[in-house]
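I have placed the structure first, in the form of structure tokens, so that the comments after it can refer back to it.
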Amino acid sequence: MVRFRELNLHADWPMTGMFDAIFCRNVLIYFDDAHQRALWPRFHDILVPEGHLYLGHSERIHPIENSGFESVGATMYQRTS
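Structure, rendered in structure tokens:
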């Protein structure tokens with residue numbers, strides 16, 4: 005099942021359960037580095053093991069070390085731990 009929802013990334017998230025994929029494309033370019041870094045563990049915690057995070061072409065997880073993700077494509081990351 006696919007669900008699309010509007011979400012304030014800076015507020016509490018109402019979702020429960022785990023997700024196979026998260027699409028957050030062309031949003032993070034508007035956030036400063038600190039806000040971006042704060043989102044990586046939040047995305048990580050709601051993805052299933054080996055789940056995927058899709059970002060926009062100009063968005064990257066930086067630094068990727070210790071983020072819990074690995075790059076598996078130009079705009080795709082996989083949860084690693």
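If you want the numbering used here, it's the 1-based position in the sequence shown plus 4.
Every residue gets a Cβ at the ideal spot worked out from N, C-alpha and C, and that includes glycine.
Hey, is Glu69 close to the ligand FAD, as in C-beta under 7 Å from one of its heavy atoms? Of ligands this structure carries none, so the ligand FAD is not represented either.
Residue from Pro67, Tyr58, Tyr81 whose Cα sits closest to the Cα of Cys28: By one-based count along the sequence shown, residue 28 stands at place 24. Closest option to Cys28, Cα to Cα, is Tyr58.
Taking 8 Å as the cut-off, decide whether the C-beta atoms of Ser1 and Ile33 are in contact. As shown, the chain starts at 5 and ends at 85. That puts residue 1 outside it, with no answer to give.
For Phe8, count neighbouring C-beta atoms within 10 Å of its own C-beta (all shown protein chains included) and say buried if the count is 16 or more, exposed if not. Reading the sequence shown from its first residue, position 4 is the one you call residue 8. Exposure of Phe8 is indicated by the presence of fewer than 16 other C-beta atoms within 10 angstroms of its C-beta.
Reference His48, options Ala78, Ile68, Ala15, Val6, closest by Cα: As a working note, residue 48 is residue 44 in the sequence shown. Among Ala78, Ile68, Ala15, Val6, the Cα nearest to that of His48 is on Ile68.
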